[in-house]
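Just below is one structure, and these are the notes that go with it.
Protein chains: 2
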Amino acid sequence: MDNKLLKQKLAEKGMKITPQRMAILEAVYELNNHPTAENIIEFIRKTHPNVAIGTVYKVLETLVENGLIKKVTTDRNFMRYDGILESHHHLYCSNCDLIEDYHDAELDELLKKYFESKNISGFKIEEFVLQIKGTFNKC
Amino acid sequence: MDNKLLKQKLAEKGMKITPQRMAILEAVYELNNHPTAENIIEFIRKTHPNVAIGTVYKVLETLVENGLIKKVTTDRNFMRYDGILESHHHLYCSNCDLIEDYHDAELDELLKKYFESKNISGFKIEEFVLQIKGTFNKC
DNA sequence: TACTTAAATAAGAATTATTCTCCGTTAAGA
DNA sequence: TCTTAACGGAGAATAATTCTTATTTAAGTA
Ligand SMILES: [Mn+2]
Ligand SMILES: [Mn+2]
Ligand SMILES: [Zn+2]
Ligand SMILES: [Zn+2]
């Protein structure tokens, strides 16, 4: 992804544009399989050897708050991040740490319809994420 | 839950029966809103003041491995646990740390049917967990 | 019931991921 | 160019979890 676009994404959210933010946002996009902070640090070190670890965590938090990336939960004790904002679900591998995207507009529609009819009392739904747990044949 | 039943559950899995394991398993059942290790430690301290923290983590891991409890993922940096084994989904509150169970056999059936028709190539599904994010009116 | 032993626990150190603090630097508007 | 609030670097601090080692115990066996 080119710098123009990265700058634009930050600017759209009214965020100050800094090299660190651009590098970290780009890393989340490039490392497309839900990278950890660790993965991101390793990646950006290649081009930005002196970015502080604390900065990476801070920037990731800020990017999440501003809706430029999302957190992906795992049953391990570290966080993972996702640069894909459009609604999608996740295939979690039971054998390894692989989390694959599962895009399915038909499923989204099905869920949306289902919960429109069936409204949950006392709760206002913002979004769904279906965790699909299982194993990949390749694993 | 009485001791007989707790013992039985451990025995069914071929696990050695210890007071610590019984207390921790009972705590997960009693603290029914997806307790953290911290919550569990606090709870069992009332009756078992000298259980080591390391033991709690170890036992929780063992209970998960043996399929007596499940982990519940959050976007915070600690794990939560669930004593309810039957398929169900979760309402995550965006305002606080509340995670409420959402049981819905109709939805389970819908998902099962949907993924039977639509099979995901190269992936064998074991279970679904739908994360329903939003806000409770009371929050 | 007493004996045996592998497995489990207590205590506390160590590790890991993440957050915080403080001070120097910089982006962006005037 | 100047100003300044926001940002980032360095490293200490914290919080959750894991590891290590010695001691204890559950549960099978004689
Ligand atoms: Mn994704
Ligand atoms: Mn639950
Ligand atoms: Zn795998
Ligand atoms: Zn709430």
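If you read the sequences in order, they're chains A and B. Counting from 1, position 34 in the first sequence corresponds to residue 34 in my numbering; the numbering is continuous, with no gaps. Counting from 1, position 54 in the second sequence corresponds to residue 193 in my numbering; the numbering is continuous, with no gaps. Beta carbons are placed, not taken as given, at the ideal position from N, Cα and C, and that holds for glycine.
Test: residue i CB closer than 8 Å to a CB of chain B
i	result
T18/A	no
F43/A	no
G122/A	yes
E61/A	no
N32/A	no
Closer than 8 Å to chain A by CB, residue i
i	result
K272/B	yes
E177/B	no
Y220/B	no
Y196/B	no
E266/B	yes
S226/B	no
T186/B	no
N216/B	yes
K252/B	no
Simplified DSSP state of residue i, which is helix, strand or coil
i	result
F275/B	strand
Q152/B	Correcting the residue identity first, residue 152/B is Lys in this sequence and not Gln. Three-state DSSP puts K152/B in coil, outside helix and strand.
K143/B	helix
I264/B	strand
T201/B	helix
E86/A	coil
V51/A	coil
D236/B	coil
K113/A	helix
R215/B	coil
L164/B	helix
Spatially closest choice to residue i from the options, by CA coordinates
i	options	result
D221/B	R160/B, H173/B, L149/B	H173/B
K272/B	T62/A, V72/A, D97/A, R76/A	V72/A
H229/B	M218/B, I208/B, D236/B, Y241/B	Y241/B
F43/A	A23/A, T55/A, E61/A	A23/A
I69/A	N137/A, E116/A, N50/A, L31/A	L31/A
E200/B	V167/B, F262/B, H187/B, T186/B	V167/B
Cutoff 7 Å; reference residue i; Cβ partners in own chain excluding five residues on either side
i	result
E26/A	M1, L6
C96/A	C139
Closer than 7 Å: residue i CB and nearest ligand 1 heavy atom
i	result
D101/A	yes
I69/A	no
D108/A	no
I84/A	yes
V72/A	yes
Residue i CB to nearest heavy atom of ligand 4 below 7 Å
i	result
C96/A	no
F275/B	yes
Contacts around residue i, its chain only, beta-carbon distance under 6 Å, and the 5 residues preceding and following it disregarded
i	result
D108/A	S87
T136/B	In this structure chain B extends from 140 to 278, so residue 136/B is not present and cannot be described.
Any non-hydrogen atom of ligand 3 closer than 7 Å to residue i Cβ
i	result
F128/A	no
F254/B	no
C139/A	yes
Sequence-distant residues of the same chain with beta carbon closer than 8 Å to residue i, five excluded per side
i	result
K197/B	none
A150/B	I156
T213/B	R219, Y231, D236, I238
Residue i beta carbon near ligand 2 (any heavy atom closer than 7 Å)
i	result
I271/B	no
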